[in-house]
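Visitor:
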Amino acid sequence: MGQTSEELKLKLQRMTETSKGDWLQEDSDLLLEDMLDHIGAVDPELRDELIYSAFAKWIGEGYLSPGQLERVLERCLGLQMSGIGEQGSDTVFTRSFASLALTCVIVADRKSGVLSGAQTEKAIRQSLSYMERERDTRGFVPEKGWAHAIAHGADLLGACVRHPAFRPERAPDILAAVQSAFFKETVYTDDEDSRLTTVIDRLLERGLADAALAGWIQGLPEAYEAFLSSGTDYLAAFHTRIGLAYFLKTLYFRLDGELGEARAAAEEAVRRLQTNRRI
194 MGQTSEELKL
204 KLQRMTETSK
214 GDWLQEDSDL
224 LLEDMLDHIG
234 AVDPELRDEL
244 IYSAFAKWIG
254 EGYLSPGQLE
264 RVLERCLGLQ
274 MSGIGEQGSD
284 TVFTRSFASL
294 ALTCVIVADR
304 KSGVLSGAQT
314 EKAIRQSLSY
324 MERERDTRGF
334 VPEKGWAHAI
344 AHGADLLGAC
354 VRHPAFRPER
364 APDILAAVQS
374 AFFKETVYTD
384 DEDSRLTTVI
394 DRLLERGLAD
404 AALAGWIQGL
414 PEAYEAFLSS
424 GTDYLAAFHT
434 RIGLAYFLKT
444 LYFRLDGELG
454 EARAAAEEAV
464 RRLQTNRRI
């Protein structure tokens with residue numbers, strides 16, 4: 194039987210300075226299972242400061258065996274879809290922090306190459322599906338801490354783009370996933386814009402052309418028009434327009450001078466959104 198949340202909390206508090214030698218003396222398989230069982234705990238200290246921080250340290254510093262790394266990947270791929278589509282429930286913490294753990298695994302695998310091609314492909318496919326299907330856009334939740342599902346999903350997308358298994362011809366899929374984040378009837382207020390813009394940075398690092406990015410940006414006002422035509426309500430349409438404009442402004446200032454076509458497209462897209470008189 195696994196540990197209770199309080200037992201796990203006390204254990205992880207004692208292990209904050211664990212060395213790799215100490216880790217090898219632990220029943221680490223059991224500890225990892227307990228951490229995965231509680232990855233979405235509503236206690237922010239346990240979830241964020243202890244479980245996630247431990248995953249980040251132990252995965253990042255190579256404590257986990259290849260088999261353990263694969264186990265974390267498979268468990269988190271399942272956990273990331275737990276309650277997908279729900280809004281306002283506590284399942285968001287499981288999905289969101291599974292995304293963060295997956296990010297740690299994908300980042301570590303860039304160097305280790307432990308994961309198979311099939312495993313990395315599965316992670317990439319699911320990172321796309323997750324961003325499109327996640328509906329809980331809350332940032333900070335009083336008494337429970339950060340949900341931040343969209344930001345954490347963006348972090349995972351960025352890690353997938355940087356992985357050697359990512360094929361540049363999949364850039365349109367990544368752009369579509371980023372676009373989907375802005376049609377969830379909300380205005381992001383907790384740095385989600387910046388995290389999503391970082392995904393664009395990663396695509397540019399992998400060779401996304403200025404013209405291709407400009408073409409995608411030019412399509413955003415059209416996507417907004419289609420959203421309006423779908424019969425959405427006033428407030429949802431207003432939030433979507435404002436959210437897109439904020440993102441495009443953030444992106445404009447992140448693009449350097451060599452990306453003139455994309456910068457011009459972002460400026461024009463903002464103008465079109467701001468002059469839309471229907472909302």
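For what it's worth, the numbering used here labels the leading residue of the sequence shown as 194, then goes sequentially. For glycine and all other residues, C-beta sits at the position ideal for the given N, C-alpha and C.
What is the DSSP secondary structure of V307, counted as helix, strand or coil?
Guide: As a working mapping, residue 307 is identified with position 114 in the sequence shown. V307: coil per DSSP, three-state reduction.
Visitor: For L401, report the span of its alpha helix (DSSP H) as first-last.
Guide: Within the sequence shown, numbered from 1, the residue matching residue 401 stands at position 208. Where L401 is concerned, there is no enclosing alpha helix (DSSP H), given that its DSSP letter is neither H nor E.
Visitor: Pairs of beta-carbons, one from the region 296-308 and one from the region 199-207, closer than 8 Å: are there three or more?
Guide: Contact between the region 296-308 and the region 199-207 is absent, because fewer than three Cβ pairs lie under 8 Å.
Visitor: Which residue marks the beginning of the alpha helix (DSSP H) containing V463, and which one marks its end?
Guide: Locating residue 463 in the sequence shown gives position 270, where the first residue counts as 1. First-last of the alpha helix (DSSP H) with V463: 453-467.
Visitor: Can you round the beta-carbon distance between G338 and R240 to whole angstroms, since I take them to be within the 8 Å contact cut?
Guide: Start at 1 with the first residue of the sequence shown, and residue 338 comes out as number 145. Start at 1 with the first residue of the sequence shown, and residue 240 comes out as number 47. At roughly 7 Å, the Cβ-Cβ gap stays under 8 Å, so G338 and R240 are in contact.
Visitor: Apart from the five residues on each side of it in sequence, which residues of its chain come closer than 8 Å, Cβ to Cβ, to A457?
Guide: Locating residue 457 in the sequence shown gives position 264, where the first residue counts as 1. Within the same chain, A457 has close Cβ partners A407.
Visitor: Please give me, in chain order, every unbroken run of the alpha helix (DSSP H) with length at least 4 that falls completely inside the region 419-446.
Guide: Fully enclosed alpha helix (DSSP H) runs of 4 or longer: not present.
Visitor: On a CA-only basis, which of L401, E327, L243 is nearest T379? Give me that one, please.
Guide: To locate residue 379, count along the sequence shown from 1; it is residue 186. Checked all of L401, E327, L243; the closest Cα to T379 is E327.
Visitor: To the nearest whole angstrom, what separates the beta carbons of A291 and I244, a pair I think is in contact under 8 Å?
Guide: Within the sequence shown, residue 291 is the residue found at index 98, counting from 1. Within the sequence shown, residue 244 is the residue found at index 51, counting from 1. Their Cβ separation, rounded to whole angstroms, is 11 Å, which puts A291 and I244 out of contact at 8 Å.
Visitor: Pick out whichever of D426, P414, Y445 has its Cα sitting closest to the Cα of L466.
Guide: Sequence index remark: in the sequence shown, residue 466 carries index 273 (1-based). Minimum Cα distance to L466 is reached at P414.
Visitor: Could you tell me the distance, in whole angstroms, from the CA atom of F440 to the CA atom of A374?
Guide: Position 247 of the sequence shown holds residue 440. Position 181 of the sequence shown holds residue 374. Between F440 and A374, the C-alpha separation is close to 11 Å.
Visitor: Counting pairs of beta carbons, one from the region 388-400 and one from the region 426-446, are three or more of them closer than 8 Å?
Guide: Yes, since at least three Cβ pairs between the region 388-400 and the region 426-446 fall closer than 8 Å, the two stretches touch.
Visitor: Could you pull out every residue in the same chain whose Cβ sits closer than 7 Å to the Cβ of E226, ignoring the five residues on either side in sequence?
Guide: Residue mapping note: residue 226 aligns to position 33 of the sequence shown, counting from 1. Result list for E226: G195, in chain order.
Visitor: Which same chain residues end up closer than 7 Å to E314 when comparing Cβ atoms and leaving out the 5 residues on each side of it in sequence?
Guide: Taking the first residue of the sequence shown as 1, we reach residue 314 at position 121. Here the set comprises A358.
Visitor: Give the DSSP-derived three-state secondary structure of G195 in the structure shown.
Guide: Looking up residue 195 in the sequence shown gives position 2. DSSP places G195 in coil when its eight states are reduced to three.
Visitor: What does a CB cutoff of less than 6 Å around P335 pick up in its chain, not counting 5 residues either side in sequence?
Guide: As a working mapping, residue 335 is identified with position 142 in the sequence shown. Excluding residues within five positions, none has a Cβ falling inside 6 Å.
Visitor: To the nearest angstrom, how far is it from the Cα of V371 to the Cα of Q218?
Guide: Taking the sequence shown and counting its residues from 1, the one referred to as residue 371 is at position 178. Taking the sequence shown and counting its residues from 1, the one referred to as residue 218 is at position 25. Each residue's alpha carbon lies about 43 Å from the other.
Visitor: Does the separation of the CB atoms of G400 and P361 fall below 8 Å?
Guide: As a first step, residue 400 must be located in the sequence shown, where it is residue number 207. As a first step, residue 361 must be located in the sequence shown, where it is residue number 168. Cβ distance < 8 Å, so G400 and P361 count as in contact.
Visitor: Would you mind working out which of E461, A402, D283 sits nearest P365, comparing C-alpha positions?
Guide: If you number the sequence shown from 1, residue 365 lands on position 172. The option with the nearest alpha carbon to P365 is A402.
Visitor: Are A344 and D329 touching if we call contact CB-CB under 8 Å?
Guide: The residue you call residue 344 lines up with position 151 of the sequence shown. The residue you call residue 329 lines up with position 136 of the sequence shown. Not closer than 8 Å, so no.
Visitor: Which class does F333 belong to by DSSP, given the choice of helix, strand or coil?
Guide: Stepping through the sequence shown from its first residue, residue 333 is reached at position 140. F333: strand per DSSP, three-state reduction.
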